[in-house]
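Right, one structure below, let's go through it.
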Amino acid sequence: MSTPNLQDVALLKRRLEVAASIEMTYPDWFMTAYGRPKFVLSEPDVAADIKREKRHICHICTGCQKVDSIEEPFKRCGQCLQDYYCSKECQKLDWPQHKMRCRQSVRQKRYESIVKAIEANKECMGYLKIATILLCKLLDSPDPSKEPFTCLVHLGIEPTNIIDFARFRGEMGPDNIPDSAEKIKGMVQVNNVGPLPAGLIDMNPLIGQWKVKKADADAEGFYKDPVGVMIFMLGDPARAGVVSVPVHITSLFMDIARKAPPFQQIIGGLSRTMTLDISTCIECINIAIRRDTTNKFLLRKEMNQDDIKIIKNSTTDEHEDESLGVKLLRGRMVREYIYRVLLGLQVPPE
Ligand SMILES: [Zn+2]
Ligand SMILES: [Zn+2]
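Written as structure tokens, this is what we have:
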């Protein structure tokens, strides 16, 4: 990589700041569907779940099997919040056994909290539904309610500030790459909505999930609507777990996808017209999350080393790490405005 000179860096920084000021004018269908334009967030169930967990139930020490009391409840492992211990000693002794399970459940908890937050978010789910209709060609099907649709929603975590993203990639110069001590705020982004690769996961539990959701939809009179399962994956398949969410797509979203109305984006005060397709659905979700600076969406997450690695490896064209996460991020960078500015493929208005 050539070393950028200071002027180039200042110019790139200015351009990225303009690009980050992307605003969406919400299309009519969005207003019809949701009534109000911004941060249409249903009360997230996440908060209620956390409250419910606080009621006291007895806990068993994973080390010595002792049971706690309401007066003196045991403390949980601070990382996975899964296993309880009566004492520091018991926890220390159990660590070699607990280690693997702990890491796994920390990861699993992270996906689940992210997917829960997306599921509770009407705006994100609305765009995901439209993307799925287009991806699975549900409009062309004579009876889309017959078979379950499936799709893979691939997620990544990246810095909330596009300048930090550029810093990780070395675009702000070699002296500007964040070191591991620096805390960089992260957020969820959707890298891709694509077909579910054959053999990636066991389909049987999914069919079960679909049947339950389908029965609910039928009972409510929506027997003509498509019902299927969205699979969410974070990062690379080798490390990622998957979370599946059964989804019912109502005729409202089928209509929106059929009409696919154009809509506006405003960047640095200038407006451009967008067509509604899979890529723009993904970009709209990502812009919405980027603009949620107060974390109403609950999709701001601390970045871990796996997340950072994907961003760093996205710089070079032919890299030894041709992982799925890297590939999908690169693909998105070519499609989405803010990264096109970073890559020099597009210049925002000054
Ligand atoms: Zn114990
Ligand atoms: Zn643990």
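What the sequence shown shows, in my numbering, is residues 1432 to 1781, in sequence order.
Glycine residues also receive a C-beta, built at the ideal position from the N, C-alpha and C atoms.
Problem - Straight-line gap, R1721 to I1638 (C-alpha atoms, nearest Å) - result: The sequence position of residue 1721 within the sequence shown is 290, counting from 1. The sequence position of residue 1638 within the sequence shown is 207, counting from 1. Roughly 34 Å between the two C-alpha positions.
Exercise for the section: Would you kindly work out how many angstroms separate the C-alpha atoms of K1530 and E1520, rounded to a whole number? Expected result: Along the sequence shown, one-based indexing puts residue 1530 at 99. Along the sequence shown, one-based indexing puts residue 1520 at 89. Whole-angstrom Cα-Cα distance: 15 Å.
Exercise for the section: May I ask which residues mark the beginning and end of the alpha helix (DSSP H) holding I1769? Expected result: The count along the sequence shown starts at 1 and reaches residue 1769 at position 338. Segment 1768-1773, the alpha helix (DSSP H) holding I1769.
Exercise for the section: Using a threshold of 7 Å, state whether the C-beta atoms of I1687 and V1624 are closer than that. Expected result: For the purposes of this step, residue 1687 is identified with residue 256 of the sequence shown, where counting begins at 1. For the purposes of this step, residue 1624 is identified with residue 193 of the sequence shown, where counting begins at 1. Contact: no.
Practice task
Work out the CA separation of D1525 and P1693 for me, nearest whole Å.
Solution key: Start at 1 with the first residue of the sequence shown, and residue 1693 comes out as number 262. Start at 1 with the first residue of the sequence shown, and residue 1525 comes out as number 94. Cα-Cα distance, rounded: 58 Å.
Practice task
Would you mind reading off the limits of the beta strand (DSSP E) that contains K1530?
Solution key: Within the sequence shown, numbered from 1, the residue matching residue 1530 stands at position 99. No beta strand (DSSP E) contains K1530, which is instead part of the alpha helix (DSSP H) from 1519-1550.
Problem - Nearest to M1685 (by Cα), restricted to the options A1612, I1713, K1740, S1576 - result: As a position in the sequence shown, residue 1685 is number 254, starting the count at 1. M1685 has its Cα closest to that of S1576, out of A1612, I1713, K1740, S1576.
Practice task
Report yes if the C-beta distance between I1594 and L1447 is below 7 Å; otherwise report no.
Solution key: Position 163 of the sequence shown, counting from 1, holds the residue named residue 1594. Position 16 of the sequence shown, counting from 1, holds the residue named residue 1447. Yes. Within cutoff.
Exercise for the section: Could you check what DSSP says for M1603 in three-state terms: helix, strand or coil? Expected result: Position 172 of the sequence shown holds residue 1603. If DSSP states are grouped into helix, strand and coil, M1603 belongs with coil.
Handout entry: Meets three-Cβ-pair contact criterion under 8 Å: the region 1659-1668 and the region 1578-1586
Key = yes
Problem - Outcome for A1629 when other beta-carbon atoms lying within 10 angstroms are tallied against a minimum of 16 - result: Here residue 1629 refers to the residue found at position 198 of the sequence shown. With fewer than 16 other Cβ atoms within 10 Å, it is exposed.
Practice task
With DSSP collapsed to three states, give me the class of I1636.
Solution key: Within the sequence shown, numbered from 1, the residue matching residue 1636 stands at position 205. Reading the sequence as shown, one finds Pro at residue 1636 and not Ile. In this structure, P1636 counts as helix in the three-state DSSP scheme.
Exercise for the section: List the DSSP bridge partners of C1492. Expected result: Along the sequence shown, read from residue 1 onward, the residue named residue 1492 stands at position 61. Answer is Y1515, bridged to C1492.
Exercise for the section: Take T1724 and list the residues in its own chain whose beta-carbon comes closer than 8 Å to its own, dropping the five residues that flank it on each side. Expected result: Within the sequence shown, residue 1724 is the residue found at index 293, counting from 1. Answer for T1724: T1591, listed in chain order.
Practice task
Would you kindly report the start and end of the unbroken alpha helix (DSSP H) that includes C1715?
Solution key: In the sequence shown, residue 1715 corresponds to position 284, counting from 1. Run containing C1715: 1709-1722, per the alpha helix (DSSP H) assignment.
Handout entry: Heavy atom of ligand 2 within 6 Å of C1508 beta-carbon
Key = On the sequence shown, residue 1508 is found 77 positions in, with the first residue counted as 1. Judged by the Cβ position, C1508 qualifies as a neighbour of ligand 2 at the 6 Å threshold, a heavy atom of the ligand being closer than this.
Exercise for the section: Give me whichever residues DSSP pairs with N1623 in a beta bridge. Expected result: Within the sequence shown, residue 1623 is the residue found at index 192, counting from 1. Answer is H1585.
Exercise for the section: Work out the CA separation of A1451 and K1523 for me, nearest whole Å. Expected result: Within the sequence shown, numbered from 1, the residue matching residue 1523 stands at position 92. Within the sequence shown, numbered from 1, the residue matching residue 1451 stands at position 20. Rounded to the nearest angstrom, the two C-alpha atoms are 46 Å apart.
Problem - Bridge partner(s) assigned by DSSP for R1507 - result: One-based indexing of the sequence shown puts residue 1507 at position 76. Answer is Y1515, bridged to R1507.
Exercise for the section: Leaving aside the five residues before and after I1622 along the sequence, list all residues of the same chain whose C-beta is less than 6 Å from its C-beta, in chain order. Expected result: As a first step, residue 1622 is located in the sequence shown; it is residue number 191 there, counting from the start. The sequence as given places Asn at residue 1622; Ile does not occur at that position. Result list for N1622: H1585, G1587, L1759, L1760, R1763, in chain order.
Practice task
Run the CB neighbour count on L1512, radius 10 Å, all protein chains shown included, and call it buried at 16 or more, exposed below.
Solution key: Looking up residue 1512 in the sequence shown gives position 81. Exposed, since its Cβ has fewer than 16 Cβ neighbours within 10 Å.
Problem - For K1560, the first and last residue of its enclosing alpha helix (DSSP H) - result: Reading the sequence shown from its first residue, position 129 is the one you call residue 1560. Looking at the DSSP string, the run of the alpha helix (DSSP H) that includes K1560 is 1553-1566.
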